[in-house]
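Colleague:
In my numbering, the protein residues as written are 1138 to 1277.
Here you go:
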């Protein structure tokens, strides 16, 4: 993750003088830090090598971030993003299937529940996984 909340590009200088107060010439410098909020990475997210996620960005569950992407905006669940700045390339699944995955929240299942569902988890059959969840986990 990276940040630039202390480098104010609307000021004459982008240098963060405030953080070097031990230098006499910098005394009285204003603090340019602007908090961007928490950076939140969802469940089952894959972030490619050397990708940069900027402060305050939220990456939704199941999202994929391409290698060397620069993520400057929030990423929707199950979106694939890439580029500089990162943009949505496509969704991993259609909206109905994404809704099913978000409903069953498989990443919160116990080890035994995961083990029982592993043949389905390692397939592309979201409807079968949802049916398994409805019959064995949700029913409890």
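Cβ coordinates follow ideal geometry from the N, Cα and C atoms, glycine included.
To the nearest angstrom, how far is the alpha carbon of residue 1220 from that of residue 1248?
Modeller: 36 Å
Colleague: Going by beta-carbon coordinates alone, are residue 1202 and residue 1216 separated by less than 7 Å?
Modeller: no
Colleague: Does the Cβ of residue 1251 have 16 or more other Cβ atoms within 10 Å, making it buried, or fewer, making it exposed?
Modeller: exposed
Colleague: Is the distance from the Cβ of residue 1173 to the Cβ of residue 1193 below 7 Å?
Modeller: yes
Colleague: Grab me the residues of residue 1222's own chain with a C-beta within less than 6 Å of its C-beta, minus the 5 sequence neighbours each way, in chain order.
Modeller: Answer for residue 1222: 1207, 1209, listed in chain order.
Colleague: Identify, in the order they occur along the chain, each residue of the same chain with its Cβ nearer than 6 Å to the Cβ of residue 1270, setting aside the five sequence neighbours on each side.
Modeller: 1241
Colleague: Rounded to whole angstroms, what's the CA-CA distance from residue 1263 to residue 1171? Just pull it up for me.
Modeller: 42 Å
Colleague: Can you tell me whether DSSP reads residue 1202 as helix, strand or coil?
Modeller: strand
Colleague: Would you kindly work out how many angstroms separate the C-alpha atoms of residue 1233 and residue 1186, rounded to a whole number?
Modeller: Straight-line Cα distance between these residues: approximately 30 Å.
Colleague: Since residue 1135 sits in a beta bridge, which residues does DSSP pair it with?
Modeller: The structure shown does not extend to residue 1135, since the chain spans only 1138 to 1277, so no value can be given for it.
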